[in-house]
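Residue numbers (the working numbering): 7 to 642. C-beta atoms are modelled at their ideal positions from N, C-alpha and C, and glycine is treated no differently.
(1) Over what stretch of residues does the alpha helix (DSSP H) that includes residue 292 continue unbroken?
(2) May I ask which residues mark the beginning and end of the beta strand (DSSP E) holding residue 125?
(3) Given a threshold of 16 other Cβ atoms within 10 Å of its Cβ, counted over all protein chains shown, does residue 598 qualify as buried or as exposed?
(4) Would residue 400 and residue 492 be called neighbours here (beta carbons separated by less than 7 Å)?
(5) Which whole-angstrom value describes the C-beta separation of residue 357 and residue 283, a residue pair presumed to lie in contact below a C-beta threshold of 8 Å?
(6) Would you tell me roughly how many angstroms separate the C-alpha atoms of residue 212 and residue 65, rounded to the nearest one?
(7) Applying the criterion that 16 or more other CB atoms from any shown protein chain within 10 Å of the CB defines a buried residue, is residue 105 buried or exposed?
(8) What's the C-alpha gap between residue 476 and residue 373?
(9) With a Cβ-Cβ cutoff of 7 Å, do residue 125 and residue 268 count as a contact?
(10) Would you tell me roughly how many angstroms separate the C-alpha atoms of residue 595 and residue 601, rounded to the nearest one?
(11) What's the gap between the Cα of residue 262 and the Cα of residue 460?
(12) How long is the line joining the alpha carbons of residue 328 and residue 265, rounded to whole angstroms?
(13) Taking 7 Å as the cut-off, decide whether the C-beta atoms of residue 469 and residue 371 are in contact.
(14) Using CA coordinates, which residue listed in 634, 576 and 565 is at the minimum distance from residue 192?
(15) If you check the beta carbons only, do residue 299 and residue 236 fall under 7 Å apart?
(16) Establish whether the CB of residue 423 and some CB of chain C are separated by less than 7 Å.
(17) I need the boundaries of the beta strand (DSSP E) containing residue 77, first residue and last residue.
(18) Sorted by chain position, which residues of the same chain lie with C-beta nearer than 8 Å to residue 350's C-beta, five sequence neighbours on each side aside?
(19) Return yes when the Cβ of residue 239 is within less than 7 Å of the Cβ of residue 292, no when it is not.
(20) Based on DSSP bridge pairs, tell me the residues matched to residue 100.
(21) Taking DSSP as the reference, what is the three-state secondary structure of residue 593?
(22) Under 7 Å Cβ to Cβ from residue 28, same chain only, skipping five residues before and after it: list those, please.
(23) Helix, strand or coil, according to DSSP, for residue 158 in the structure here?
(24) Is it the case that the Cβ atoms of residue 305 and residue 252 are separated by a distance below 7 Å?
(25) Quick one: what does DSSP say residue 382 is sitting in, helix, strand or coil?
(26) Does the structure place the region 539-552 close enough to the region 140-156 that three or more beta carbon pairs sit under 8 Å?
(27) Taking a contact to mean a Cβ-Cβ separation below 7 Å, would you say residue 366 touches residue 487 in this structure?
(28) Could you check if residue 88 is buried or exposed, using at least 16 other CB atoms within 10 Å of its CB as the buried criterion?
(29) Since I believe residue 408 is in contact with residue 445 (beta carbons under 8 Å), could you give me their beta-carbon distance rounded to a whole number of angstroms?
(30) So does the region 158-172 actually touch the region 75-83, counting three or more Cβ pairs closer than 8 Å?
(31) Using DSSP with H/G/I as helix, E/B as strand and the rest coil, what is residue 219?
(32) Runs of 4 residues minimum, wholly inside the region 146-199: which ones carry the alpha helix (DSSP H) assignment?
(33) Write down every uninterrupted run of the alpha helix (DSSP H) in the region 215-292 whose length is 4 residues or greater and which is fully enclosed by it, in chain order.
(34) Using only CA atoms, which one of 210, 195, 270 and 277 lies nearest to residue 255?
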């Protein structure tokens, strides 16, 4: 059932809301300065880049505070900017929509983004291209804000593409490494596949409604033909799968770890991978009238949360374990978004808590790498809890949050999704429950292999704590990983109701039977991991294994092989056939024709000898021929 009648109409921006565009403009201008000023800004570029995002966070925080003080019916604010372009009777205006949903994303993007910028000052201190790195970070933040603050799908698509470009620049930042350059290209290409879905959806909206604004689509979708609504929904899901690394477009995610660690935190925690979840929930009016597409969202989310957990169990690279975890957690959010009104608020709730604890853990992993000479192999870690105490304790807060330890943030947000999944479908609920147990298993494995056990450090490695500019963001993120869940638990549904409609699911601090079962399954996952990795010695080299499940997990479920078989190899074959056709058919026919005319011209050229007697003889023969023809015609 669509609950559009519960959504308030936006009011025109006034007062401070009239300046909301500065939230986007300031980091965008900062990016332009850092990328165009060259070495002139090397000494202070990182400070400008950080200050611009902190400014945007201040604007978002002021807007959020103002919305809290206002009645619910005036919290949805429309800010028209300018006429983008007009074609015939079509007029496309660029504008912003600041409502209860978009302001939460703006706070997450700018808040966590600010901490990542501060952390990057220390992490990238010795990189000679640090100024350019901060320019790319600013570009990413600006594009992501365009995406979540847009009031129509066309403007959203501008931010969508901007995020894709910035992610390519950041993932392949260390492009002197072939693996980093290839990872950037891979992410860019696979995201373009999803972008085709976005374009198809927008074209369909324009054909059906003559507009791509959220208001026009939401108002007209109920009268649209069911087939076209389903096509729109599936196209939007394809777009979401590309940006949020959901099956079957997930293969780029682990390769993206080739970028600097702050990039991993920015892409995998607070920004890019959450864009697909935002798109599905913002397009809820479409999905609620397209049951097939809505069911597809649930299936994709369920498959992805299990696939990501499987991958996380098999990796030894600390960042790739966290990447598999991100894939799995986004799967939970997509599952909740596909459930419908019972899951919307909890999808956003888990998106927010995940943004804090996952950024905490990615930056914590970067701190570990900083102290371990950039090593990422957990088999070469061990016993780091005493050498890096701040990193250990802050990382532990994120670990407890993600596994759903009682009263940490993930305990509230993820467990609500599991309960909603059981209410939706028993099989889906069981899959979500199993995913929680596997999450506890592989995250406990990561903690044990990294911070406990015996030292397995390489010769010459002397772990040390990171500087304050890196540890302070960790402390702040760890604090939010602990408290954000209990703060938002009973508030999030009421806050989002004017933007997303009613949420017929009660949130409570009192454990439910499903909640208690989830805690028990999580405890079993922790225990199983301790029995396997906590009691015995961890080898410094991964053992050769014939376990097909482990092999598949290490190969990321053969995603690259599947893509190569289905797309890359046929593309090369088609290109080869095209080359053969071009060389043998087209070029061959052209060459043959050219040689024929060349030979003919050679023979004709021989008639032009340049001798007067030859021309006189030719004229004589021509006169004789004409005379013969005339005589014969008279005789006939």
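To lay it out plainly:
(1) Translated into positions along the chain shown, residue 292 becomes position 286. Here the alpha helix (DSSP H) through residue 292 covers 290-294.
(2) Numbered from its first residue, the chain shown carries residue 125 at position 119. It is not in any beta strand (DSSP E) - residue 125 instead sits in the alpha helix (DSSP H) that spans 106-129.
(3) Numbered from its first residue, the chain shown carries residue 598 at position 592. Answer is exposed; the Cβ neighbour count stays below 16.
(4) Taking the chain shown and counting its residues from 1, the one referred to as residue 400 is at position 394. Taking the chain shown and counting its residues from 1, the one referred to as residue 492 is at position 486. No, the pair does not count as a contact, with Cβ atoms beyond the cut-off.
(5) Residue numbering aside, residue 357 sits at position 351 when the chain shown is read from its first letter. Residue numbering aside, residue 283 sits at position 277 when the chain shown is read from its first letter. Right, the Cβ-Cβ distance comes to about 6 Å (below 8 Å), so this counts as a contact.
(6) Locating residue 212 in the chain shown gives position 206, counting from the first residue. Locating residue 65 in the chain shown gives position 59, counting from the first residue. Taking the straight line joining both Cα atoms gives about 33 Å.
(7) Mapped onto the chain shown, residue 105 falls at position 99. Buried, since its Cβ has 16 or more Cβ neighbours within 10 Å.
(8) Here residue 476 is taken as the residue at index 470 of the chain shown, counted from 1. Here residue 373 is taken as the residue at index 367 of the chain shown, counted from 1. Residue 476 and residue 373 have their alpha carbons spaced roughly 7 Å apart.
(9) Along the chain shown, one-based indexing puts residue 125 at 119. Along the chain shown, one-based indexing puts residue 268 at 262. The beta carbons of residue 125 and residue 268 sit closer together than 7 Å.
(10) Indexing the chain shown from 1 puts residue 595 at position 589. Indexing the chain shown from 1 puts residue 601 at position 595. Cα to Cα, the separation comes out at about 10 Å.
(11) Here residue 262 refers to the residue found at position 256 when the chain shown is read from its first residue. Here residue 460 refers to the residue found at position 454 when the chain shown is read from its first residue. Residue 262 and residue 460 have their C-alpha atoms roughly 30 Å apart.
(12) As a first step, residue 328 is located in the chain shown; it is residue number 322 there, counting from the start. As a first step, residue 265 is located in the chain shown; it is residue number 259 there, counting from the start. If you draw a straight line from the Cα of residue 328 to the Cα of residue 265, it comes to about 14 Å.
(13) Along the chain shown, one-based indexing puts residue 469 at 463. Along the chain shown, one-based indexing puts residue 371 at 365. Their beta carbons are not under 7 Å apart, which means residue 469 does not touch residue 371 by this criterion.
(14) To locate residue 192, count along the chain shown from 1; it is residue 186. Taking only the C-alpha atoms, the option nearest residue 192 is 565.
(15) Position 293 of the chain shown, counted from the first residue, corresponds to residue 299. Position 230 of the chain shown, counted from the first residue, corresponds to residue 236. For residue 299 and residue 236, yes; Cβs fall inside 7 Å.
(16) This model lacks chain C altogether; it includes just one protein chain.
(17) As a first step, residue 77 is located in the chain shown; it is residue number 71 there, counting from the start. It is not in any beta strand (DSSP E) - residue 77 carries neither H nor E in the DSSP assignment.
(18) Numbered from 1 along the chain shown, position 344 holds the residue referred to as residue 350. Excluding residues within five positions, the ones whose Cβ falls inside 8 Å are 287, 290, 342, 343, 502, 506, 507 and 509.
(19) As a first step, residue 292 is located in the chain shown; it is residue number 286 there, counting from the start. As a first step, residue 239 is located in the chain shown; it is residue number 233 there, counting from the start. Yes, these two residues count as a Cβ contact at 7 Å.
(20) Start at 1 with the first residue of the chain shown, and residue 100 comes out as number 94. 88, per the DSSP bridge assignment.
(21) Indexing the chain shown from 1 puts residue 593 at position 587. Here DSSP, grouped into helix, strand and coil, assigns residue 593 to helix.
(22) Residue mapping note: residue 28 aligns to position 22 of the chain shown, counting from 1. For residue 28, where only same-chain residues beyond five positions count, the Cβ hits under 7 Å are 65.
(23) As a working mapping, residue 158 is identified with position 152 in the chain shown. Strand, per DSSP.
(24) For the purposes of this step, residue 305 is taken as the residue at position 299 of the chain shown. For the purposes of this step, residue 252 is taken as the residue at position 246 of the chain shown. The Cβ-Cβ distance between residue 305 and residue 252 does not fall below 7 Å.
(25) Walking along the chain shown from the start, residue 382 turns up at place 376. Residue 382: coil per DSSP, three-state reduction.
(26) Segments in contact, no.
(27) Start at 1 with the first residue of the chain shown, and residue 366 comes out as number 360. Start at 1 with the first residue of the chain shown, and residue 487 comes out as number 481. Yes. Within cutoff.
(28) Reading the chain shown from its first residue, position 82 is the one you call residue 88. Exposed is the call here.
(29) Here residue 445 corresponds to residue number 439 of the chain shown, with the count starting at 1. Here residue 408 corresponds to residue number 402 of the chain shown, with the count starting at 1. Confirmed, about 7 Å.
(30) Cβ pair count under 8 Å is below three, so no.
(31) Residue 219 sits at position 213 when you count from the first residue of the chain shown. Residue 219 falls in the strand class under three-state DSSP.
(32) Runs of the alpha helix (DSSP H) inside the region 146-199: 159-177.
(33) Correct list: 220-226, 232-249, 258-261, 267-271 and 281-288.
(34) As a working note, residue 255 is residue 249 in the chain shown. Of the candidates 210, 195, 270 and 277, the one whose C-alpha sits nearest the C-alpha of residue 255 is 195.
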